[in-house]
Amino acid sequence: MIHSHSNFEHEESRPDLTPLLDIIFIVMVFLMLTANVAVHTLNVDIPQTQDGAVLSKPDTAVLTIGIADSQTPWSIDGTPNDDWASFTRAITEHRKQHPDQEIVIAADKNANVEAMLKVLAFLQKHNIPATQILMEES
7 MIHSHSNFEH EESRPDLTPL LDIIFIVMVF LMLTANVAVH TLNVDIPQTQ DGAVLSKPDT
67 AVLTIGIADS QTPWSIDGTP NDDWASFTRA ITEHRKQHPD QEIVIAADKN ANVEAMLKVL
127 AFLQKHNIPA TQILMEES
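Heads up: the sequence shown begins at 7 in this note's numbering, then just goes up one per residue.
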């Protein structure tokens, strides 16, 4: 008589986990795609004005914050600051000496937007409301 030797008798019978792993990966992908991502925003109040009044020159002396496209992106009245800490320290010291002086932000068109948003967030955090953004007439 012919006997066939089957490996099935010697192996333990185990369930096939491939479909279970497929379902787990599909559920993981679904949960990752539908998860809510926290979006950080900065609310900026833009005043409603006439077109001619928008591009007017200030009447009094102002503190000019410059934002450039360079290694030292922040400057105060044309004096560049090496880092963010010295820049913020200089603004707060100037604000203590001249609390009523308006601030004008002059940003280079090639400057990093993140640098400008960082300045705006700092001004908002320290309750400095009188801020203008310098613009060129086109």
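C-beta: ideal position from N, C-alpha, C; glycine also.
A quick note: this is a predicted structure, and the numbers were derived from the prediction, not measured.
Test item: CB-CB of residue i and residue j under 9 Å
i, j, result
"residue 111", "residue 126", "yes"
"residue 68", "residue 138", "yes"
"residue 130", "residue 37", "no"
"residue 66", "residue 107", "yes"
"residue 85", "residue 132", "no"
According to DSSP, residues forming a beta bridge with residue i
i, result
"residue 70", "110"
"residue 81", "72, 86"
"residue 139", "111"
Classification of residue i by the beta-carbon crowding that lies within 10 angstroms, buried from 16 upward
i, result
"residue 87", "buried"
"residue 144", "At residue 144, the pLDDT of 48 sits below 50, so the modelled position is not reliable and the matter cannot be decided from this model."
"residue 25", "exposed"
"residue 113", "buried"
"residue 109", "buried"
"residue 93", "buried"
"residue 21", "exposed"
"residue 79", "buried"
Expected contact under 8 Å - CB spacing of residue i and residue j to nearest Å
i, j, result
"residue 121", "residue 73", "5 Å"
"residue 96", "residue 82", "5 Å"
"residue 75", "residue 116", "4 Å"
Near the ligand GDP: residue i beta-carbon under 8 Å from a heavy atom
i, result
"residue 37", "The model depicted lacks the ligand GDP and carries no ligand whatsoever."
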